[in-house]
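Using full-length UniProt numbering, you'd call the opening residue of the sequence shown number 1 and step up by one each time.
Step one of this worksheet: look at the structure below.
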Amino acid sequence: MNLVDCHDEKIHISGHIQDFGYLIGLDASGKTITFLSQNISDIFSVNENVLGQTLEQNCSAFEPLLDSVVLKNLDFETLKEVDVFLDKLTINGNGYHLTIYKYQSVVFLEIEKVTEHFHTRTFVTKKYESISNATDSAEIWQQLLVSVAEAIDYDRVMVYRFLDDGSGKVIAEKIKNGVESFMNLHYPESDIPRQARELYLKKRKRIFSNVLSTPVPILTTMEQPVDLTYSALRAMSPVHGQYLKNTGVESSFSTSIVIDNKLWGMVTCQNVKAKHIDLVNRIRAEVFTVIAANAYASFKSRQMLNDSIELENQIKDLKSSLSKFDDLESSLFSNIETMRNYPHADGLAVVVGHNIRTAGLVPSDEDILNIVKYARENPLKNFYSTNDFSKSHQGNMGPLENAAGVMFGFTDDDRNELLIWFRQKVDTQLLWAGNPSKDTGETVLNGDQQYVISPRKSFATYIENIKGKATPWKNRDIIAAKKVVASILETTYSQFRKVRELNDELRNLNEELDSFSYTISHDLGTPLTVMKLNAQLLERAHHDNPEVQKRVQSILAEVLGMENMMRGVLQLSKAKSSEIVLRELETASVIRKICLDAQLTISESTEVIIGKTPNVLGDETMMKQVFLNIIGNAVKYSSKSENPKVEIHGYEEDDKVIYTIKDNGIGIPAKDQSKMFKIFSRMENAKAFQGNGVGLSIVYRIMKRLGGNISYKSTAAKETIFKLTFQNPRSL
């Protein structure tokens, strides 16, 4: 005997119907009887000899059926497949439901006895309103269960939701007193195998009227088995029958919850004792289920719309924040906490080339590098998410802390830059309706004794401990992460476009600057020469007057300084960065003179403390420009303090020479610190002082050109400390 997997069982061609109904199949073209159920003789005086004949040829036996107004008016040739028509018959004084539909060129006539009489319209209308007016998903499903329970009067009515892995979970329940609850229990995928789910998407209500009854064979002249995909009478699998017996019930009924044309779940109903449900009540239950599915879909759409609006506003703010920075790395690193929170992650790693910045709970640097390597070596995974990364990759990466949940997305085409979100593992428990492990057993399928996956015998709660997995990423989290990645790509492109425009402007400005440098050097040369000659004449004429000599010498020194500065500007305008010749420069005299001049011109009351002044490696003109700006700013912005004070200290550190310039002035507000080195940027608290917002931008660029760096620390209204890092001449 072969082992028949639950997925392989052909449940749609069982060859039998349930004993509560009767079945006749008519060829759509010739209207001859191609199959009928063996029990047809219980209601019509016929036997299998009528196969191959028409109903009209046996008009006396089939008179109640031929009297059907619906059947008389149907054109079998033009009848659309699976369109359903209903009518009522009277046979031997008893009422019967007649269901007519066409499938695979065969017209199915399904007959079952009327067991109840109803006043439908008022009942359905009230239930429609109660379901449609529900305000959240829990209320929608609960109102559905109340409506279905009233319609069919079964002991247990549940909403069963399919999960991503094919398994299911009971998310709502209504039970009678004394009936065991299955609320929140999980069911393995094999309980409702793939072909059953496909069938339930086509035929959306089904009943197993009595698991103890004997199925009725179908007699047929067809070569192929009768396809009962859309039949309400289809006999259920003996495996399913055993499953229900093991559950402790004798009747089962279900309707499919279909959302966006997908089988979202089912309303599953069970009764301890065998109890048939009249066709009208089964239809009612199906109608209620459709109403609830539509109400839930509408609720989720509203929820998604609200989430989308909220997320769009957040992304808009993120784009605005990202665009404030001149380079991608700074913009990403400065917004790392915001980007971590959007998809509700525990941690985030921002990777730009070889630079990594993290926020929150993240794996070790080594583990992050391994995950980056994995991401870059999988070209098909531009975006990826999982809640069991560490468990799935511990074989080749070892134990990964804080990386149970991983989601990453690349922000460039070269797969050089990416964002990796992390979630910690959360140990949980799954409550199963019985042990989900599969057992095998023997049963009869289609007349043959075969091994099948045997349904479990106990549905007592079975606890499975889940370790090493993170809380799954919700759809909203994934959308949020993708939008963050998209906003970075958009910002990057915008910055690229701005840089290109700025480069064009800079090229033009450089040409104008070169022209200006030549012009100013030439045009100022003559008046400076005149000033110098006149000063020298005054010096000779008043050689015996010390006061005049002192002032004339001061004028000559300034003229000389101006000539040197002009020569430096002219040379600087000509030179490219590669053409700058760095040499050891003495800084002590330069710093003392700049401090003295600043005290004379800005604030004589400022106390200036000069510590050690080690020599630096640099360009003389550039070095003077750096100290002139930084020391000048320190004196200027501390000049209105009660006791203005500036401290300058230099020291050597490995292959660097570091200078700190500290003042007790107005400081830099935290909100302005991100734009400190942007050209033409001035701080809010600096508007009372003269300036144009150019100096620090020039210093920043000069220090980069000298192979050094500039940084600062500041507290508003208290102090600012600038740190200048030069190359050490001793390192040559």
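All residues carry an ideal CB built from backbone N, CA and C; glycine is no exception.
Here the structure is a predicted model, which is why all the values come from computation and not from measurement.
>> Based on DSSP bridge pairs, tell me the residues matched to K10.
In response: According to the DSSP secondary-structure assignment, K10 is paired through a beta bridge with no residue.
>> If the criterion is Cβ atoms closer than 7 Å, does the pair I594 and L617 meet it?
In response: no
>> Let me confirm a value: G650 is counted as buried when at least 16 other C-beta atoms fall within 10 Å, else exposed. Which label applies?
In response: buried
>> Please state whether the Cβ-Cβ distance between S254 and R194 is less than 7 Å.
In response: no
> Is E116 helix, strand or coil by DSSP?
Replying inline: Residue state for E116 is assigned as coil, using DSSP reduced to three classes.
> So Y230 is in the beta strand (DSSP E); what residue range does that whole segment cover?
Replying inline: It is not in any beta strand (DSSP E) - Y230 carries neither H nor E in the DSSP assignment.
>> Using 7 Å as the threshold, is the C-beta distance between G265 and I257 below it?
In response: Yes, the Cβ-Cβ distance between G265 and I257 is below 7 Å.
>> I need the DSSP call for V476, collapsed to helix, strand or coil.
In response: The question names Val, but residue 476 is Arg in the sequence shown. DSSP places R476 in helix when its eight states are reduced to three.
> With distances taken from CA atoms, which of K113, S603, V484, T461 is nearest T247?
Replying inline: T461
> When the Cα of K457 is compared with those of L369, G30, H240, V590, which residue comes out closest?
Replying inline: H240
> From S45 to T221, what distance separates their C-alpha atoms?
Replying inline: For S45 and T221, the gap between their C-alpha atoms comes out near 20 Å.
>> Quick check: the Cα distance between S14 and T411, rounded to an integer number of angstroms?
In response: Near 55 Å, if we compare the C-alpha coordinates of T411 and S14.
>> Contact defined as beta carbons within less than 8 Å: I believe F333 pairs with S147. What is the distance between those atoms, to the nearest angstrom?
In response: Actually they do not touch by this definition, with Cβ atoms about 56 Å apart.
> Between R423 and D346, which are expected to be in contact by the criterion C-beta below 8 Å, what is the C-beta distance as a whole number of angstroms?
Replying inline: 5 Å
>> So for L185, helix, strand or coil by DSSP?
In response: Of the three classes helix, strand and coil, the one that applies to L185 here is coil, per DSSP.
> Out of curiosity, what's the CA-to-CA distance linking L109 and I100?
Replying inline: 5 Å
> By Cβ distance, which residues of its chain are closer than 7 Å to K10, with the 5 residues on each side in sequence left out?
Replying inline: Answer for K10: no residue qualifies.
>> Given a cut-off of 7 Å on the beta-carbon distance, is the pair V216 and I40 in contact?
In response: no
> Contact check, V484 vs I420 under 8 Å by CB: the rounded distance?
Replying inline: In fact, because the Cβ distance is near 12 Å, the residues do not count as touching under 8 Å.
>> So, for T613: in the same chain, excluding its five sequence neighbours on each side, which residues have a beta-carbon less than 7 Å away from its beta-carbon?
In response: T587, A588, I591, G650
> So, is F383 buried or exposed, given that buried needs 16 or more other C-beta atoms within 10 angstroms?
Replying inline: exposed
> The beta strand (DSSP E) with Q270 in it runs from where to where?
Replying inline: 262-271
>> List, from N- to C-terminal side, the alpha helix (DSSP H) runs of 4 residues or more that fit wholly inside the segment 83-168.
In response: 120-132, 137-152
>> Whole angstroms are fine: how far does the CA of L144 sit from the CA of K102?
In response: 31 Å
> Taking the alpha-carbon positions, what's the K645 to T660 distance?
Replying inline: Between K645 and T660, the C-alpha separation is close to 14 Å.
> Is C59 buried or exposed, if buried means 16 or more other CB atoms sit within 10 Å of its CB?
Replying inline: exposed
> Quick one: what's got a C-beta closer than 8 Å to A28's C-beta in the same chain, skipping five residues either side?
Replying inline: F76, E77, L79, K102, S105, V106, V107
> Do the segment 185-204 and the segment 154-174 meet, that is, are 3 or more Cβ pairs less than 8 Å apart?
Replying inline: yes
>> Looking at the secondary structure, which residues open and close the beta strand (DSSP E) in which N355 lies?
In response: 355-360
> Is it the case that the Cβ atoms of V226 and I218 are separated by a distance below 7 Å?
Replying inline: yes
> Which ranges does the beta strand (DSSP E) cover as unbroken runs of at least 3 residues, wholly within the segment 376-447, from first to last along the chain?
Replying inline: Those beta strand (DSSP E) runs which fall completely within the segment 376-447 and span 3+ residues are 383-386, 405-410, 417-423, 428-433, 439-445.
>> Which of the three DSSP states is assigned to N225 in this structure?
In response: Reading off the sequence shown, one finds Pro at residue 225, where the question assumed Asn. Residue state, collapsed to three classes: coil.
> Among F208, A359, T621, which one has its Cα closest to the Cα of S237?
Replying inline: F208
> Whole-angstrom Cβ separation of residue 735 and T386, contact assumed at under 8 Å?
Replying inline: Outside the shown range of the chain, which is 1 to 732, sits residue 735, and nothing can be said about it.
> Using CA coordinates, which residue listed in K176, G395, K662 is at the minimum distance from V635?
Replying inline: In this structure, K662 is the residue among K176, G395, K662 with its C-alpha nearest to the C-alpha of V635.
> What's the call for Q142, buried or exposed, on a 16-neighbour Cβ count within 10 Å?
Replying inline: Buried, because 16 or more other Cβ atoms sit within 10 Å of the Cβ of Q142.
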